[in-house]
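Peer 1: Sharing a structure below in structure tokens format, with a few things to ask.
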Amino acid sequence: MEYSGPSVSVQIKITIDPSNNDAFLKALKPVFDRIVEEPANTFFEVFQDARQPGVFKLIENWNASTEDVMKHPQTKDYLKLYFAATQPMHTKPLEVEVFNRMPGNELVSFRKDCYPGRE
1 MEYSGPSVSV
11 QIKITIDPSN
21 NDAFLKALKP
31 VFDRIVEEPA
41 NTFFEVFQDA
51 RQPGVFKLIE
61 NWNASTEDVM
71 KHPQTKDYLK
81 LYFAATQPMH
91 TKPLEVEVFN
101 RMPGNELVSF
111 RKDCYPGRE
């Protein structure tokens with residue numbers, strides 16, 4: 001059945017000391033694995049700024065309301081552990097933006113061949 005409820009994209013900018021990149025990514029991977037298992041999560045990708053190696057952008061898409069997504073971190077123990085491990089690495093506060101998905105599928109494109117090995 002096609003989903004017709006609210007959908008949002010949460011975009012989180014994380015700035016850390018670049019010397020902590022490996023430790024940050026190691027702490028992020030188990031959280032990434034848990035988030036993509038969440039039934040409402042439809043997409044999750046991590047980007048690194050090309051000019052600032054300590055800046056990462058997490059893009060998560062959810063079939064959920066903004067309210068449900070924003071209370072998500074307070075309800076998951078694995079996120080509490082992640083924040084405890086990574087917050088000392090931050091050199092700036094998190095920047096979180098939430099965007100509502102446009103209705104319909106006219107402005108959606110996804111090339112499956114760009115993500116080999118991902119189902």
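The sequence shown begins at 1 in UniProt numbering and counts up by one. Just so you know, even glycine gets a beta-carbon here, dropped at the ideal spot from N, CA and C. Bear in mind that the values here come from a model prediction, so they are computed numbers and not experimental data.
#1: Out of 7, 3, 118, 2, point me to the one whose CA is closest to residue 61's CA.
#2: Taking 7 Å as the threshold (C-beta atoms), are residue 75 and residue 27 in contact?
#3: Report the partner residues of residue 14 according to the DSSP bridge assignment.
#4: Only counting the same chain, and skipping five residues up and downstream in sequence, which positions put a Cβ closer than 8 Å to that of residue 91?
#5: Taking residue 42 as part of the beta strand (DSSP E), name the residues at either end of that continuous run.
Peer 2: The answer reads as follows:
#1: Walking along the sequence shown from the start, residue 61 turns up at place 61. Checked all of 7, 3, 118, 2; the closest Cα to residue 61 is 7.
#2: Residue numbering aside, residue 27 sits at position 27 when the sequence shown is read from its first letter. Residue numbering aside, residue 75 sits at position 75 when the sequence shown is read from its first letter. No, Cβ-Cβ distance for residue 27 and residue 75 is not below 7 Å.
#3: Counting from one through the sequence shown, the residue named residue 14 turns up at place 14. Residue 14 is bridged to 56.
#4: Numbered from 1 along the sequence shown, position 91 holds the residue referred to as residue 91. Closer than 8 Å at the Cβ level, and outside the excluded window around residue 91, lie 15, 16, 17, 54.
#5: In the sequence shown, counting from the first residue as 1, residue 42 sits at position 42. Taken as a continuous stretch (DSSP letters only), the beta strand (DSSP E) holding residue 42 covers 41 to 48.
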